[in-house]
Amino acid sequence: MENLVLAYLGDAAYELYIREYLINKGITNVNKLQKMSIKYVSASSQRRIFEKLYDIFTEEEILIYKRGRNSKGHKSKNTDIVTYKIATGFECLLGYLYINDKERFNYVMLKVVGDL
1 MENLVLAYLG DAAYELYIRE YLINKGITNV NKLQKMSIKY VSASSQRRIF EKLYDIFTEE
61 EILIYKRGRN SKGHKSKNTD IVTYKIATGF ECLLGYLYIN DKERFNYVML KVVGDL
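No gaps in the numbering here: position 18 of the sequence shown is 18 in my numbering, and each next residue is one more.
In C-alpha coordinates form, the structure reads like this:
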(Lines of atoms letter the chains of each structure in order from A and count residues from 1; the text may use other names and numbers.)
(Lines give C-alpha, C1' and ligand atoms only; values in the text may rest on other atoms or scores of the structure.)
Protein backbone atom coordinates (compact mmCIF):
# COMPACT_ATOMS: atom_id res chain seq x y z
CA MET A 1 0.00 0.00 0.00
CA GLU A 2 1.29 3.48 -0.80
CA ASN A 3 2.73 5.50 2.06
CA LEU A 4 0.32 8.41 1.75
CA VAL A 5 -2.62 5.98 1.68
CA LEU A 6 -1.29 4.44 4.90
CA ALA A 7 -0.98 7.95 6.36
CA TYR A 8 -4.56 8.72 5.34
CA LEU A 9 -5.77 5.54 7.05
CA GLY A 10 -3.53 6.16 10.07
CA ASP A 11 -4.93 9.66 10.45
CA ALA A 12 -8.49 8.32 10.47
CA ALA A 13 -7.73 5.44 12.87
CA TYR A 14 -5.80 7.78 15.19
CA GLU A 15 -8.53 10.40 15.29
CA LEU A 16 -11.26 7.82 15.86
CA TYR A 17 -9.28 6.27 18.72
CA ILE A 18 -8.77 9.71 20.32
CA ARG A 19 -12.44 10.65 19.96
CA GLU A 20 -13.55 7.37 21.49
CA TYR A 21 -11.02 7.78 24.31
CA LEU A 22 -12.28 11.27 25.15
CA ILE A 23 -15.94 10.21 25.05
CA ASN A 24 -15.17 7.23 27.31
CA LYS A 25 -13.57 9.68 29.75
CA GLY A 26 -17.04 11.21 30.09
CA ILE A 27 -16.59 14.29 27.92
CA THR A 28 -19.89 14.82 26.12
CA ASN A 29 -19.83 18.50 25.20
CA VAL A 30 -19.00 18.66 21.49
CA ASN A 31 -17.07 21.94 21.76
CA LYS A 32 -14.98 20.56 24.60
CA LEU A 33 -14.42 17.32 22.67
CA GLN A 34 -13.12 19.32 19.71
CA LYS A 35 -10.75 21.38 21.87
CA MET A 36 -9.48 18.31 23.71
CA SER A 37 -8.96 16.31 20.52
CA ILE A 38 -6.76 19.05 19.03
CA LYS A 39 -4.30 18.37 21.88
CA TYR A 40 -3.76 14.99 20.23
CA VAL A 41 -4.51 15.30 16.52
CA SER A 42 -2.83 18.51 15.36
CA ALA A 43 0.41 18.04 13.43
CA SER A 44 2.41 19.74 16.18
CA SER A 45 0.85 17.45 18.80
CA GLN A 46 1.55 14.38 16.69
CA ARG A 47 5.16 15.48 16.27
CA ARG A 48 5.59 15.96 20.02
CA ILE A 49 3.94 12.61 20.77
CA PHE A 50 6.00 10.74 18.18
CA GLU A 51 9.24 12.24 19.48
CA LYS A 52 8.33 11.28 23.08
CA LEU A 53 7.48 7.72 22.03
CA TYR A 54 10.36 7.24 19.57
CA ASP A 55 12.19 4.70 21.75
CA ILE A 56 9.25 2.27 21.84
CA PHE A 57 9.34 1.70 18.08
CA THR A 58 11.16 -1.19 16.44
CA GLU A 59 13.69 -0.73 13.63
CA GLU A 60 11.06 -1.93 11.14
CA GLU A 61 8.53 0.58 12.48
CA ILE A 62 11.06 3.41 12.20
CA LEU A 63 11.67 2.44 8.55
CA ILE A 64 7.92 2.59 7.87
CA TYR A 65 7.76 5.97 9.63
CA LYS A 66 10.66 7.25 7.50
CA ARG A 67 9.00 6.08 4.29
CA GLY A 68 5.90 8.06 5.24
CA ARG A 69 7.91 11.06 6.37
CA ASN A 70 9.81 11.17 3.08
CA SER A 71 6.73 10.78 0.86
CA LYS A 72 5.90 13.51 -1.59
CA GLY A 73 2.80 15.11 -0.20
CA HIS A 74 1.36 18.59 -0.12
CA LYS A 75 2.47 21.20 2.40
CA SER A 76 0.18 21.99 5.29
CA LYS A 77 -1.07 25.54 5.63
CA ASN A 78 -1.08 25.39 9.42
CA THR A 79 2.41 24.18 10.31
CA ASP A 80 6.01 24.10 9.17
CA ILE A 81 7.18 21.46 6.69
CA VAL A 82 9.30 19.51 9.21
CA THR A 83 6.41 19.14 11.65
CA TYR A 84 4.07 18.18 8.81
CA LYS A 85 6.46 15.50 7.54
CA ILE A 86 7.01 14.02 11.02
CA ALA A 87 3.24 13.90 11.59
CA THR A 88 2.74 12.27 8.17
CA GLY A 89 5.38 9.66 8.98
CA PHE A 90 3.69 8.92 12.30
CA GLU A 91 0.31 8.60 10.59
CA CYS A 92 1.86 6.26 8.00
CA LEU A 93 3.20 4.05 10.77
CA LEU A 94 -0.16 4.05 12.54
CA GLY A 95 -1.93 3.12 9.29
CA TYR A 96 0.50 0.25 8.77
CA LEU A 97 0.00 -1.00 12.32
CA TYR A 98 -3.77 -0.64 12.06
CA ILE A 99 -3.83 -2.94 9.02
CA ASN A 100 -1.09 -5.38 9.99
CA ASP A 101 -0.98 -5.52 13.79
CA LYS A 102 -4.01 -4.13 15.63
CA GLU A 103 -2.61 -5.28 18.96
CA ARG A 104 0.53 -3.19 18.40
CA PHE A 105 -1.61 -0.28 17.15
CA ASN A 106 -3.61 -0.41 20.38
CA TYR A 107 -0.42 -0.61 22.45
CA VAL A 108 0.97 2.50 20.74
CA MET A 109 -2.33 4.33 21.19
CA LEU A 110 -2.40 3.45 24.89
CA LYS A 111 1.06 5.03 25.11
CA VAL A 112 -0.23 8.09 23.22
CA VAL A 113 -3.07 8.74 25.65
CA GLY A 114 -0.95 7.78 28.64
CA ASP A 115 1.90 10.12 27.76
CA LEU A 116 -0.09 13.28 27.22
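Don't be surprised by glycine CBs; every beta carbon is placed ideally from N, CA and C.
Whether residue i touches residue j by CB criterion (8 Å)
i: leucine 16; j: lysine 111; result: no
i: methionine 36; j: isoleucine 27; result: yes
i: tyrosine 84; j: lysine 75; result: yes
i: isoleucine 49; j: arginine 69; result: no
Local conformation of residue i per DSSP, three classes
i: leucine 33; result: helix
i: phenylalanine 105; result: helix
i: aspartate 55; result: helix
i: aspartate 11; result: helix
i: glycine 95; result: helix
i: glutamate 2; result: coil
i: glycine 68; result: helix
i: isoleucine 27; result: coil
i: glycine 73; result: coil
i: asparagine 78; result: coil
i: serine 44; result: helix
Residue i, buried or exposed, once every other Cβ within 10 Å from all chains shown has been counted against 16
i: tyrosine 40; result: buried
i: glutamine 34; result: exposed
i: glutamate 1; result: One point to set straight first is that residue 1 is methionine, not glutamate, in the sequence displayed. With fewer than 16 other Cβ atoms within 10 Å, it is exposed.
i: tyrosine 107; result: exposed
i: threonine 58; result: exposed
i: asparagine 3; result: buried
Touch test, the stretch 57-74 against the stretch 84-104, Cβ-Cβ under 8 Å, three pairs minimum: yes
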